[in-house]
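Right, one structure below, let's go through it.
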Amino acid sequence: MNTKVFATLVVVVTSTLFSLSTQSCITQWFDNDDPTGQGDYELLSDLLTAYSGEICPNPVGIEVRTVSGILASQTGNIFQVNNPSSGFACVNANQAGGVCADYKVRFTCPEAWCASCRTPWFDRDNPGGLGDYETLPLTLSTYPLQVCAQPIAIEVETISGTPTLPTGNNFQEYDPKLGFSCVNAQQNGGCQDYKVRFTCPVIFCQPQCVTRWFDSDNPNTNGSDSELLSVLQSANAGYICSNPLGIEAQTISGQPASQTGNVFQSYNPTVGFSCVNANQASGMCADYKVRFTCPEQWCSSCRTPWFDRDDSSGLGDYETLPLIQIAYPLQVCAQPIAIEVTTLSGTPALPTSFPDYDALLGFKCVNGACQDYRVRFTCPKTFCGGQCVTRWFDSDDPTTKGGDSELLTNLLSAYSGSICPNPLGIEAQTVSGQSASQTGNVFQVYDPTNGFSCLNANQGGAICADYKVRFTCPEEWCSKCMTPWFDRDNPGGMGDYEPLSLTPTAFPQQVCAQPIAIEVSTITGTPVLPTGNHFQTFDPLLGFECVNDFQNGWTCLDYKVRYKCFCKIVGPTIESRPFELTNLTDFLNVG
489 MNTKVFATLV VVVTSTLFSL STQSCITQWF DNDDPTGQGD YELLSDLLTA YSGEICPNPV
549 GIEVRTVSGI LASQTGNIFQ VNNPSSGFAC VNANQAGGVC ADYKVRFTCP EAWCASCRTP
609 WFDRDNPGGL GDYETLPLTL STYPLQVCAQ PIAIEVETIS GTPTLPTGNN FQEYDPKLGF
669 SCVNAQQNGG CQDYKVRFTC PVIFCQPQCV TRWFDSDNPN TNGSDSELLS VLQSANAGYI
729 CSNPLGIEAQ TISGQPASQT GNVFQSYNPT VGFSCVNANQ ASGMCADYKV RFTCPEQWCS
789 SCRTPWFDRD DSSGLGDYET LPLIQIAYPL QVCAQPIAIE VTTLSGTPAL PTSFPDYDAL
849 LGFKCVNGAC QDYRVRFTCP KTFCGGQCVT RWFDSDDPTT KGGDSELLTN LLSAYSGSIC
909 PNPLGIEAQT VSGQSASQTG NVFQVYDPTN GFSCLNANQG GAICADYKVR FTCPEEWCSK
969 CMTPWFDRDN PGGMGDYEPL SLTPTAFPQQ VCAQPIAIEV STITGTPVLP TGNHFQTFDP
1029 LLGFECVNDF QNGWTCLDYK VRYKCFCKIV GPTIESRPFE LTNLTDFLNV G
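When the letters of the sequence shown are read in order and numbered with our numbering, they come out as residues 489 to 1079.
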């Protein structure tokens, strides 16, 4: 290849770069080869394989430099290939000096690819002072959770909307992994004011959930406040995903980290957060807490349905955890580990925009002009394992002691062995069967950790209804002294009827007369709970019934049931094998 041909190629490539659509993005640099063999081959087909998802399949431009940053056109090398469709190749045999330089390449990609998972525009700085610094680390801290830690492309414009490309300009940084910076001293007349946006891996734009806040350190120990991911994962096993997509840091009083004036050693979801006292002008970091966004695979490992108990009329949209636990009993855990919020149409809501967006509090949007939102939670995996449902308990009424208190500690004492010490969920109804959420009463307590309480003094001159409660319990408690699964009916005919009264006949000597809990699943093994479904009976003392006519046009599935009984004494030990007798006197109330 002669110099004339080479010069022509350079002109063609340069022309391609400057005739781009006004909507295009620039990838990171790729260096997949070196010239130690036959040459340096940075071919598009090879790069697409080696960096799957990080390069568009149809680039509209290519830029080539040596790994030290020298423009390819200034090296004197002759190139076999240098175009966006094929990539780049420099063959040693074609060089007067016998060897090619070591090159890196990057591409400009079309709008359709750039827009597949793109952030908003960010403009955190202006050219006053030393220049305009829109670097990725500063963007991550200023706009937490809004940009991925490892972008695959970057776009830069002036704030008036004029696209700015890296070639033909003298920018200090223009790289998706670093961000953008323009230094006034390097420009004739100084920098303009720029904005940037990034293209992220597609996983960043898939559903994400937001974890709880974590605060494992303070700046008075070890000379820093370090909320490092590895440390937090060890201390909070199962509560943080292994591969967070984003991180947000605030002071423990709620001030965004970017507003504190502190300088951060680390602030990214891969490593976590660290502020070192020695790096601060004041000599001391603030005390910080952090939270993470996690990918769909982790969020969905134990996830509730979507809940939409409120709308945006009135004061706003209040989807708080306490109110959801009342409106949707047994369907959400008491201590969620993550939360996800979208509009009803499915548009994700940004956590940093709302007064409450917290796994332990729920979600709140205060009007000026909220949309209608829905929420769902990720729970500890124990919540999605097998759960059994206890009997109903009614130990109090509202005519005594100024209210109706069905507190867990009292119930555990009054009904020893009949309730697990660590319930996963609680449901309250009036003794006539009305859901507590429909009574209009205000509740002092309604959670599985404490139980239920309604105080007459809080009812605006009225009196509390008379309530009963039941609990869901974890597999560890349910599985002790549990019967086999029973499936005596199928949903043909009127429905699936698995009443306790018929079970001893169909399965003699295999179930106790007075079970203390019931567990139901489909015959394929999917657990079901009494709330959120249209079951006519779901009670350890009555059994289970699903009636086809009450399924809103659907037919019942085929279900199986099993029961937890009081354990039987065999010699000096408690027997927990399947039961052989149905006489309650053969079982002792020992839990």
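A virtual CB, placed ideally from N, CA and C, is assigned to each residue, including glycine.
Query: Residue environment, residue 734, which counts as buried when at least 16 other CB atoms sit within 10 Å; Result: buried
Query: Coil, strand or helix - residue 570 by DSSP; Result: strand
Query: Beta-ladder partner(s) of residue 682, from DSSP; Result: 646
Query: Integer-rounded CB distance, given that residue 975 should sit under 8 Å from residue 1006; Result: The Cβ separation is near 14 Å, so there is no contact.
Query: Member of 818, 661, 950, 988 whose CA lies at the smallest distance from the CA of residue 1027; Result: 988
Query: Spatial neighbours of residue 614 in its chain, beta-carbon cut-off 8 Å, leaving aside the 5 residues before and after; Result: 620, 681
Query: Rounded Cβ spacing between residue 670 and residue 641 (contact assumed at less than 8 Å); Result: At roughly 19 Å, the Cβ-Cβ gap does not stay under 8 Å, so residue 670 and residue 641 are not in contact.
Query: Range covered by the alpha helix (DSSP H) that runs through residue 598; Result: Segment 591 to 598 is the beta strand (DSSP E) holding residue 598; no alpha helix (DSSP H) there.
Query: 4-residue-minimum alpha helix (DSSP H) runs that sit fully inside the stretch 753 to 820, ordered along the chain; Result: 784 to 787, 809 to 815
Query: Reference residue 600, options 1047, 1017, 513, closest by Cα; Result: 513
Query: Cβ separation of residue 763 and residue 876, assumed to be a contact under 8 Å, to the nearest whole Å; Result: Residue 763 to residue 876, Cβ: 47 Å. No contact.
Query: Rounded Cβ spacing between residue 755 and residue 628 (contact assumed at less than 8 Å); Result: 6 Å
Query: Cβ separation of residue 895 and residue 938, assumed to be a contact under 8 Å, to the nearest whole Å; Result: 6 Å
Query: Distance between residue 587 and residue 523 (C-alpha atoms, nearest Å); Result: 7 Å
Query: The stretch 915 to 932 / the stretch 989 to 1004 touching (three or more Cβ pairs under 8 Å); Result: no
Query: Pick from 1014, 647, 944 that is closest to residue 872, judged by C-alpha positions; Result: 1014
Query: Among 839, 605, 664, 1049, nearest to residue 779 - alpha-carbon criterion; Result: 839
Query: Spatially closest choice to residue 809 from 799, 803, 822, by CA coordinates; Result: 822
Query: Residue from 760, 545, 748 whose Cα sits closest to the Cα of residue 769; Result: 748
Query: Nearest to residue 738 (by Cα), restricted to the options 589, 710, 706, 719; Result: 706
Query: Close beta carbons around residue 715, own chain, < 8 Å, minus the five adjacent residues each side; Result: 702, 703, 704, 705, 737, 760, 761, 762, 776, 777, 778
Query: Span of the beta strand (DSSP E) around residue 1005; Result: 1005 to 1010
Query: Selected residue, minimal CA-CA separation from residue 552, among 595, 527, 1048; Result: 595
Query: Endpoints, alpha helix (DSSP H) assigned at residue 628; Result: 624 to 630
Query: Cα-Cα separation between residue 970 and residue 952, rounded to whole angstroms; Result: 37 Å
Query: As assigned by DSSP and simplified to three states, the class of residue 694; Result: coil
Query: DSSP-derived helix/strand/coil call for residue 831; Result: strand
Query: Sheet register partners of residue 970 (DSSP bridge); Result: 1052
Query: First through last residue of the beta strand (DSSP E) which encompasses residue 534; Result: Counting along the chain, residue 534 falls outside any beta strand (DSSP E), though it belongs to the alpha helix (DSSP H) covering 532 to 538.
Query: Proximity below 8 Å, CB of residue 675 to CB of residue 782; Result: no
Query: Per-residue burial, residue 526 [other beta carbons within 10 Å of its own, 16 or more giving buried]; Result: exposed
Query: Beta-carbon spacing of residue 1081, residue 814 below 8 Å; Result: Outside the displayed span of the chain (489 to 1079) sits residue 1081, for which this structure offers no information.
Query: Within 8 Å, strictly: CB atoms of residue 631 and residue 659; Result: no
Query: Separation of residue 519 from residue 825, as counted between CA atoms; Result: 40 Å
Query: Distance between residue 1029 and residue 1057 (C-alpha atoms, nearest Å); Result: Caution applies to residue 1057, whose pLDDT of 48 falls short of 50 and renders its modelled position unreliable; the value that the coordinates give is listed next. Straight-line Cα distance between these residues: approximately 22 Å.
Query: Residue 570 versus residue 534: straight-line alpha-carbon distance, rounded; Result: 14 Å
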